[in-house]
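So the structure is just underneath, and the comments pick up after that.
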Amino acid sequence: MTRTVQDVKFALHAIMDKLVGNHEEPFSTEEIETLIFAFESHILFDSVAHKFLPSLKGLHEIQEIAETDQAVDTFLGNEEKKEINHELVERSEMTKAILLSAIKEHILNDMRMRFGA
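Counting from 11, one number per residue, gives the positions in the sequence shown under this note's numbering.
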């Protein structure tokens with residue numbers, strides 16, 4: 011799917027809410043794709059994005075779980091639903107860790123540039 015800067019602008023609010031814990035639902039595949047686009051296009055964390063892009067792409071490739079419709083839901087057993095939910099939460103936690111690392115690295119890089127190191 012083709013992304014634009016506007017997609018990043020509209021998705022960023024929800025992404026940051028999930029990052030800080032205001033929303034309990036895990037990151038969706040679309041949000042992760044938007045983050046990948048933002049990192050590749052140097053929209054977010056332009057000075058350090060290249061360091062975290064492979065990790066973010068790896069998360070996206072782990073498994074395209076997501077958004078199962080109700081028809082498929084009826085055929086899944088309880089254990090399968092729990093496993094999918096666990097994988098979504100795990101992927102979401104890894105996304106949070108990557109975002110926090112990118113934010114910290116960006117801040118440190120900015121401080122080095124401003125104060126010299």
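We put the beta carbon where it would ideally sit given N, CA and C, even for glycine.
If we ignore side chains and look at the alpha-carbon of each, how far apart do THR46 and HIS60 end up?
Per the sequence shown, the amino acid found at residue 46 is Ile instead of Thr. In a straight line, the C-alpha of ILE46 is about 10 Å away from that of HIS60.
Helix, strand or coil, according to DSSP, for LEU63 in the structure here?
helix
For ILE108, which residues in the same chain have their Cβ closer than 8 Å to its Cβ, ignoring the five residues on either side in sequence?
PHE62, SER65, LEU66, LEU69
Where does VAL30 land, buried or exposed, given buried means 16+ other C-beta within 10 angstroms?
exposed
I need the DSSP call for LEU109, collapsed to helix, strand or coil.
helix
What are the boundary residues of the alpha helix (DSSP H) that includes THR44?
39-50
What does a CB cutoff of less than 6 Å around ARG122 pick up in its chain, not counting 5 residues either side in sequence?
none
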